[in-house]
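Just so we're aligned, residue 12 is where the sequence shown starts under the working numbering, counting upward by one.
Working notes for the structure below.
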Amino acid sequence: GLYNSLVEFSDDVVRIIQAAISSDGGQHESRRANSMVKSFFIQQMDRIFPWFKVKESRFWERQRVSANSGLLPNAVL
């Protein structure tokens, strides 16, 4: 398919990356690989389209902090 805007393209890629992150099953290697893909995508988008705020996509899930992450309960928003 053709994209009519950079937002459409970026949202599609973000959804794909986020789906992989959400389904990695907590396996260390998968988490690491998915994190690297996300970082690379953000880095390239920032480099090629510096005016576009890819980090602000509504499709990125916010990082979840687990209960045993070492943070105090009040440190988590």
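All C-beta atoms, glycine included, are put in the ideal place defined by N, C-alpha and C.
Could you pull the start and end residues of the alpha helix (DSSP H) that Lys-49 belongs to? 39–59
Give me, in chain order, the residues of the same chain whose beta-carbon lies closer than 8 Å to that of Ile-53; leave out the 5 immediate sequence neighbours on both sides. Val-65, Lys-66
Which whole-angstrom value describes the C-beta separation of Trp-62 and Val-25, a residue pair presumed to lie in contact below a C-beta threshold of 8 Å? The pair is not a contact, with the Cβ atoms about 17 Å apart (cut-off 8 Å).
Smallest Cα separation from Ala-31: which of Val-48, Phe-20, Phe-60, Arg-73? Val-48
Residues in the same chain with beta-carbon distance under 8 Å from Leu-13, minus the five sequence neighbours each way, listed in chain order, please. none
Within the continuous alpha helix (DSSP H) that includes Leu-13, where are the two ends? Looking at the DSSP string, Leu-13 is not in any alpha helix (DSSP H), and its letter there is neither H nor E.
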